[in-house]
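Just below is one structure, and these are the notes that go with it.
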């Protein structure tokens, strides 16, 4: 995720933010005014954001002062101008108790806010760090607009004020929220990392004018959806402004690919990931300790395999153990000069590519947008979203926020950096819930009746989906020997090999099963539901520019003779060498690194396959018109509603 969240408590935690976070993660000198410390650190001043500023006498973009921060976040939720309000009332003869109460925003609280950290994808802040001044300003503006949009979504759809006994009543803050934004330029390792800290106050005003506290649990629950929305918006803003496109890149095999700016070399991303390499090395050692840990009786303390939940906990521990001390902050102009010199010297990327990074990315965008059609099919998107969420959540139970986050990821994958229509993510979620989800909620409280907390599962069964989980691996020996297969003696570790160098037994990740589930569900709908026969399910190659072999190679080919010359006159035979290069490439741009002859042959094969598929589709449509439709039970009609063919179908839509 590119959005993190942490609560802010009055006291020591607030003093940490006032001492370091507001000055670019540096060390603020004692008794130095805030504005002077920010100028010395070379970071911009903080700015106020949110629709709730007007009620407090603030305006958007106004500078954040130290006294305002202290009152709102350090004094347990007081008015930013509480000192002035209290002084005015005391001057008019009011009692100290009444004057102090007038500066309070409802009840005093311990948790005074949450800290949202927004950072764009690595390829975006690489363009920001190594590009020219115009590119830097465009990316920073897109970064700010994305944060504003996410904050508006939180105000409209997420934030709730609890009141009444046990907080049974909930209401949206009609006046909006208040937040202070602070910008940072670098990571702890000194590498470029554009990111903003958004300190969001928990104080909100109800319809009756009274002040209450925002429910922070709702903010934590929707952080993934907020991260997906931020990623989608910032990438679209940058791509539209600079003429770029995004592409999926696999960072960890088996996990979900991330959307990055096309054309930015992998070596530059590796150049910025020194901290990630340190965390990965430490994580391997922690996983080894986890699977080999024994209690006093010599029995394994934990499971002999590392689950996803355990891996996440161990990753947090590795991040804390390898966390370097903070450096002294420097002005952005000096940092950008040092970053470019370091990239040229140590990244392994050619100098002309680093100096012309934007031009290379634009050339890659032209190739991708000529090849990938940005067509959003809501019906197909609903299938993929529901299947992915169903598999990725334990027990197959999920809430609307899980569907919303997955719908935003799906749109980012399909649109490749293009802007989308407002509300398209909500429409996909609505179709997924009404068509493919079953409400299994048993509300016993007012909270259970809310739409955001209703519990769903899938309507259909995935019994045809093969189980890809491996059987548990036997527990390894306490002395650190690698686990052996059942029935085989334990293999001794080679001399000099440290613990953790052999492969740690892990439970396979679920994303590949989720992708397979989407394909299984689409096939089930195509073959079992007469209402959708003849739709795009028969011919669509989906929106991910995939290369399905069943469309490209009608006849099974012998892999041992792929490279032999083809017989004359067999133009429908597929060049499997080119296909393999496409399928094994890491990115879209690398997939295009083929000879002109192979590309021409691929194009001819795609055209022929599309013509054959369209002919088959028309034949199905004529046969369906002549046949009597099979009767459908009421449940089937509710689960699979007939859909009218949309305007984007077939080869003309780019598939």
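Residue numbers (the numbering used here): 892 to 1546. For each residue, glycine too, the CB sits at the ideal point set by N, CA and C. Remember, predicted model here, so these are calculated numbers, not experimental data.
To which residues of the same chain is residue i closer than 6 angstroms at the C-beta, ignoring the five residues directly before and after it?
i            : result
residue 957  : 925
residue 1141 : 1148
residue 1348 : 1287, 1288, 1329, 1331
residue 929  : 914, 936
residue 1117 : 894, 1041
Could you tell me if residue i is buried or exposed, where buried requires 16 or more neighbouring beta carbons within 10 angstroms of its beta carbon?
i            : result
residue 1059 : exposed
residue 1175 : buried
residue 1098 : exposed
residue 1227 : buried
residue 1547 : With the chain covering only 892 through 1546, there is no way to say anything about residue 1547.
residue 1561 : Given that the chain is displayed from residue 892 to residue 1546, the structure contains no residue 1561 and the question cannot be resolved.
residue 1066 : buried
residue 1028 : exposed
residue 943  : buried
residue 1131 : exposed
residue 1232 : exposed
residue 927  : exposed
residue 923  : exposed
Short check: CB of residue i to CB of residue j, under 9 angstroms?
i            : j            : result
residue 1255 : residue 1138 : yes
residue 1197 : residue 1269 : no
residue 1113 : residue 1049 : yes
residue 946  : residue 1107 : no
residue 1104 : residue 1160 : no
residue 1030 : residue 1021 : no
residue 892  : residue 1125 : no
residue 965  : residue 998  : no
residue 1238 : residue 1162 : yes
residue 1016 : residue 1084 : yes
residue 1076 : residue 909  : no
residue 1258 : residue 1133 : no
residue 1173 : residue 1212 : yes
residue 896  : residue 1111 : yes
residue 1003 : residue 900  : yes
residue 1220 : residue 1023 : no
residue 1209 : residue 1152 : no
residue 1315 : residue 1295 : no
residue 1310 : residue 1136 : no
residue 1096 : residue 1064 : yes
residue 1119 : residue 1282 : no
residue 1402 : residue 1200 : no
residue 1350 : residue 1326 : yes
residue 903  : residue 920  : no
Give me, in chain order, the residues of the same chain whose beta-carbon lies closer than 7 angstroms to that of residue i; leave out the 5 immediate sequence neighbours on both sides.
i            : result
residue 972  : 948
residue 1073 : 912, 913, 937, 1087, 1088
residue 1070 : 940, 941, 1042, 1089, 1090, 1091, 1092
residue 996  : 968, 969, 970, 1094, 1102
residue 1128 : 1033, 1036, 1037
residue 1297 : 1276, 1279, 1280
residue 951  : 939, 940, 944
residue 1284 : 1293
residue 1249 : 1018, 1022, 1026, 1133
Considering only residues of the same chain and omitting the five flanking positions on each side of residue i, which have a CB-CB separation below 8 angstroms?
i            : result
residue 974  : 958, 962, 994
residue 1039 : 940
residue 1230 : 1020, 1021, 1082, 1083
residue 1235 : 1242, 1245
Return the chain-ordered ranges of every alpha helix (DSSP H) run that is complete within the segment 1214 to 1261 and spans a minimum of 4 residues.
Taking only runs of at least 4 residues, the alpha helix (DSSP H) segments lying wholly in the segment 1214 to 1261 are 1223 to 1237, 1242 to 1246.
Flag this pair as touching only if the segment 1241 to 1251 and the segment 1287 to 1305 have three or more C-beta atom pairs under 8 angstroms; answer yes or no.
Verdict: no, contact absent.
Extract the residue ranges of the beta strand (DSSP E) inside the segment 906 to 949, only unbroken runs of 3 or more that lie entirely within it.
Complete beta strand (DSSP E) runs here, min 3: 938 to 940.
For a minimum of 3 consecutive residues, which ranges assigned as the beta strand (DSSP E) are wholly contained in the segment 1048 to 1078?
Unbroken beta strand (DSSP E) runs of no fewer than 3 residues, entirely contained in the segment 1048 to 1078, are found at 1052 to 1054, 1060 to 1062, 1070 to 1077, following chain order.
Using 8 angstroms as the threshold, is the segment 1035 to 1045 in touch with the segment 964 to 983, meaning 3 or more CB pairs across them?
Under the 8 angstroms Cβ criterion, the segment 1035 to 1045 does not count as touching the segment 964 to 983, having fewer than three qualifying pairs.
Are at least three pairs of beta-carbons, each pair with one atom in the segment 1078 to 1098 and one in the segment 1007 to 1016, less than 8 angstroms apart?
At 8 angstroms Cβ cutoff, the stretches touch.
Can you list the alpha helix (DSSP H) stretches of 4 or more residues lying completely in the segment 990 to 1034, in chain order?
Whole alpha helix (DSSP H) segments, 4+ residues: 1013 to 1021.
Ranges of the beta strand (DSSP E) found wholly within the segment 1071 to 1138, counting only runs of at least 3:
1083 to 1092, 1094 to 1096, 1102 to 1104, all fully within the segment 1071 to 1138.
If contact is defined by three or more beta carbon pairs under 8 angstroms, each pair taking one atom from either stretch, is the segment 1306 to 1321 in contact with the segment 1268 to 1287?
Judged by pairs of C-beta atoms under 8 angstroms, the segment 1268 to 1287 touches the segment 1306 to 1321, as three or more such pairs exist.
Where in the segment 955 to 984 do unbroken runs of the beta strand (DSSP E), each at least 3 residues long, occur, reported from the N-terminal end onward?
Taking only runs of at least 3 residues, no beta strand (DSSP E) segment lies wholly in the segment 955 to 984.
Note down, one range per segment and in chain order, each beta strand (DSSP E) of at least 3 residues found wholly within the segment 1292 to 1354.
1328 to 1330, 1347 to 1349, all fully within the segment 1292 to 1354.
Quick one: which unbroken beta strand (DSSP E) runs of 3-plus residues sit fully inside the segment 1173 to 1208? Chain order, please.
Here no run is fully enclosed.
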